[in-house]
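Written below as structure tokens is the structure these notes are about.
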Amino acid sequence: MDVLRVEKLKAFYIMESAGEERAVKAVNDVSLTVRENEVLGIAGESGCGKSTLLKSLLGSIRPPLRHMGGRVTYLHRDREMDILSLPKEERQKLMWQHISYVPQGSLSVLNPVRRIGDTFRSFVGAHLDIQKDPDRFESLVRSHLQDLGLPVDTLKAYPHQLSGGMRQRVTIALATILKPRLILADEPSTALDVVVQRGVIQLLRDIQTEQHNTIVMVTHDMAIHANISDRVAIMYAGRIIEEAPVERIFAKPLHPYTQYLIGSLPRIGDKSYRLSAPGTPPSLADLPPGCAFHPRCPNAESICRREIPSLSLAGRDHRVACFLAAKEDADVGSSEALGSQ
Ligand code: SF4
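Residue numbering for the sequence shown follows my numbering, beginning at 65 and increasing consecutively.
Take a look at the structure:
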């Protein structure tokens, strides 16, 4: 069952300079679905639009970001709700109990001059009537922290008394205390060292197993996707250019950009030179015509410079936006079928 559907979504930053408007096309015609209980990973280089996509999924579109078209629909209590057309109060009701958010840095959530326990109290108090039953609040917070392997003493601490990894765990504890159906996580382990990073990602995985939530995880780090994601969508220049189950995308990436992303990852025992994509990503304010990857693509043909490839099916549960990759895969598929006759 799909719990979130994105259809032809466009969200651009509209910048004004010298009396002229300039559109930075951060989310440009994105369509995707998120299935119940899965971890959908969204990957791509920084500046490709993945964090703006996550903001748009939260319905948090504020100037200079502007909604230019398309829909973001959540399934909530068997009703479809278009978050971008909901009044602010309705949208806020959906937040935290139905949809929650884990930001990049914990300091945007944790008030430096408040103890962690007070932050929990005001956060939970905004959604549940904790005045009526303060004992219930205490036991809810304590048992949630214990489930997450956090010492209950953390509640007495100020954010600066905790390590970066601990603060991020507290942020995750806040985001999941009301057992939301969907968690949107934006680079939740950035700026942490590798070992702590692994712990934070495992914590999210454990919560998902326990609470049966659905997670949309944005990170540029393909190794994290390999660890946690069930499916991965690759973004390039504001568009999804490939989407497939995680095993498939690592075993058989079809888009040349995805091939570079995966080919550049280090492998244990393999000392050969890793090749990354040549050149740099285009400016989202000045995209090249046709396929936005064509100036960097070794396979580009004339059609690639003229037309934008659409995301088409290229195998079971696998979609790719590339004229040649989709064709090649279809050819391989039909010759495999002939070979098996
Ligand atoms: Fe390369 Fe053309 Fe495919 Fe774009 S559509 S990735 S330029 S082959």
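Built from N, CA and C at the ideal position, the CB exists for glycine as well.
Any non-hydrogen atom of the ligand SF4 closer than 7 angstroms to H382 Cβ: Locating residue 382 in the sequence shown gives position 318, where the first residue counts as 1. No, the ligand SF4 has no heavy atom inside 7 angstroms of this Cβ.
Terminal residues of the alpha helix (DSSP H) in which P320 lies: Within the sequence shown, numbered from 1, the residue matching residue 320 stands at position 256. Unbroken alpha helix (DSSP H) run through P320: P320 to G327.
Beta-carbon spacing of I265, Q272 below 8 angstroms: The residue labelled residue 265 in the question sits at position 201 within the sequence shown. The residue labelled residue 272 in the question sits at position 208 within the sequence shown. No; because the gap between Cβ atoms is not below 8 angstroms, this pair is not in contact.
F357 CB to nearest heavy atom of the ligand SF4 below 7 angstroms: Position 293 of the sequence shown, counting from 1, holds the residue named residue 357. It does: the Cβ of F357 is within 7 angstroms (strictly closer) of some heavy atom of the ligand SF4.
Near the ligand SF4: C112 beta-carbon under 7 angstroms from a heavy atom: Locating residue 112 in the sequence shown gives position 48, counting from the first residue. Result no, Cβ not under 7 angstroms from the ligand SF4.
Distance CB(I247)-CB(S170) smaller than 8 angstroms: Within the sequence shown, numbered from 1, the residue matching residue 247 stands at position 183. Within the sequence shown, numbered from 1, the residue matching residue 170 stands at position 106. The answer is no: Cβ separation not under 8 angstroms.
At least three beta-carbon pairs within less than 8 angstroms, the segment 171-184 to the segment 213-226: With a cut-off of 8 angstroms, the segment 213-226 and the segment 171-184 count as touching, because enough Cβ pairs lie within range.
A287 versus S81 - alpha carbon distance: As a first step, residue 287 must be located in the sequence shown, where it is residue number 223. As a first step, residue 81 must be located in the sequence shown, where it is residue number 17. Distance between the alpha carbons of A287 and S81: 40 angstroms.
Three-pair Cβ contact test at 8 angstroms for the segment 245-259 versus the segment 206-216: no
In DSSP terms, what F76 is bridged to: In the sequence shown, the residue the question calls residue 76 occupies position 12. Partner(s): R130.
6 angstroms CB neighbourhood of T322 in its chain, flanking five on each side removed: Working through the sequence shown from its first residue, we reach residue 322 at position 258. If we look at T322 and ignore the five residues flanking it on each side, its Cβ neighbours are I298 and E306.
Contact belief for V296 with G113 at Cβ below 8 angstroms, rounded distance in angstroms: Your numbering for residue 296 matches position 232 in the sequence shown. Your numbering for residue 113 matches position 49 in the sequence shown. At roughly 16 angstroms, the Cβ-Cβ gap does not stay under 8 angstroms, so V296 and G113 are not in contact.
Rounded C-alpha distance that separates M145 from E71: Numbered from 1 along the sequence shown, position 81 holds the residue referred to as residue 145. Numbered from 1 along the sequence shown, position 7 holds the residue referred to as residue 71. Those two C-alpha atoms are separated by around 13 angstroms.
Three-state class that DSSP yields for E400 in the structure shown: Walking along the sequence shown from the start, residue 400 turns up at place 336. Annotation note: pLDDT 41 at E400 (below 50); position unreliable, coordinate value reported separately. For E400, the secondary structure class from DSSP, reduced to helix, strand or coil, is helix.
One or two residues paired with S81 in a DSSP bridge: Position 17 of the sequence shown, counting from 1, holds the residue named residue 81. The partner list for S81 (beta bridge, DSSP) reads E84.
Three-state secondary structure (DSSP) of L246: Reading the sequence shown from its first residue, position 182 is the one you call residue 246. Strand.
Three CB pairs or more closer than 8 angstroms across the segment 120-132 and the segment 309-327: no
Identified DSSP bridge partners for I177: The residue given as residue 177 occupies position 113 in the sequence shown. Just to set this straight, residue 177 is Val in the shown sequence, not Ile. In DSSP, V177 forms no bridge with anything.
Where D381 sits in the DSSP three-state scheme: Taking the first residue of the sequence shown as 1, we reach residue 381 at position 317. Coil at D381, not helix or strand.
Euclidean distance between Cα positions of L148 and V88: On the sequence shown, position 84 is the one that residue 148 refers to. On the sequence shown, position 24 is the one that residue 88 refers to. Distance between the alpha carbons of L148 and V88 is about 20 angstroms.
Q405 in three-state terms, based on DSSP: Taking the sequence shown and counting its residues from 1, the one referred to as residue 405 is at position 341. The predicted model places Q405 with a pLDDT of 38, which falls under 50 and marks its position as unreliable; any figure quoted below should be read in that light. Here Q405 sits in coil by DSSP.
For L226, three-class secondary structure by DSSP: Stepping through the sequence shown from its first residue, residue 226 is reached at position 162. Here L226 sits in coil by DSSP.
CB contact flag (D250, E102, <8 angstroms): In the sequence shown, counting from the first residue as 1, residue 250 sits at position 186. In the sequence shown, counting from the first residue as 1, residue 102 sits at position 38. Cβ distance not < 8 angstroms, so D250 and E102 don't count as in contact.
N363 beta carbon near the ligand SF4 (any heavy atom closer than 7 angstroms): Within the sequence shown, the letter at position 299 stands for residue 363. Flag set: Cβ of N363 near the ligand SF4.
Option nearest A385 by Cα separation, candidates D66, K74, D93 and V67: Position 321 of the sequence shown, counted from the first residue, corresponds to residue 385. Ranking D66, K74, D93 and V67 by Cα distance to A385 puts D93 first.
Through-space distance from A239 to V282, alpha-carbon basis: Here the question's residue 282 lines up with position 218 in the sequence shown. Here the question's residue 239 lines up with position 175 in the sequence shown. For V282 and A239, the distance between alpha carbons rounds to 16 angstroms.
M299: first and last residue of the uninterrupted alpha helix (DSSP H) it sits in: Counting from 1 along the sequence shown, the entry for residue 299 is found at position 235. Taken as a continuous stretch (DSSP letters only), M299 belongs to no alpha helix (DSSP H), being part of the beta strand (DSSP E) at R295 to Y300.
Cβ-Cβ separation, P252 to L268 (assumed contact under 8 angstroms), whole Å: Position 204 of the sequence shown, counting from 1, holds the residue named residue 268. Position 188 of the sequence shown, counting from 1, holds the residue named residue 252. The Cβ separation is near 7 angstroms, so the contact holds.
Element boundaries [alpha helix (DSSP H), containing M159]: Working through the sequence shown from its first residue, we reach residue 159 at position 95. Note, M159: premise wrong, no alpha helix (DSSP H); not H, not E.
According to DSSP, residues forming a beta bridge with R135: Start at 1 with the first residue of the sequence shown, and residue 135 comes out as number 71. Note: R135 sits in a beta bridge opposite E71.
A356 vs Y300 beta-carbon contact at 8 angstroms: For this step, residue 356 is matched to residue 292 along the sequence shown. For this step, residue 300 is matched to residue 236 along the sequence shown. Their beta carbons are under 8 angstroms apart, which means A356 touches Y300 by this criterion.
Classification of S120 by the beta-carbon crowding that lies within 10 angstroms, buried from 16 upward: For the purposes of this step, residue 120 is identified with residue 56 of the sequence shown, where counting begins at 1. By the neighbour-count rule (16 or more Cβ atoms within 10 Å), S120 is buried.
Sequence-distant residues of the same chain with beta carbon closer than 8 angstroms to F201, five excluded per side: Residue 201 sits at position 137 when you count from the first residue of the sequence shown. If we look at F201 and ignore the five residues flanking it on each side, its Cβ neighbours are R185, V188, G189, L192 and I194.
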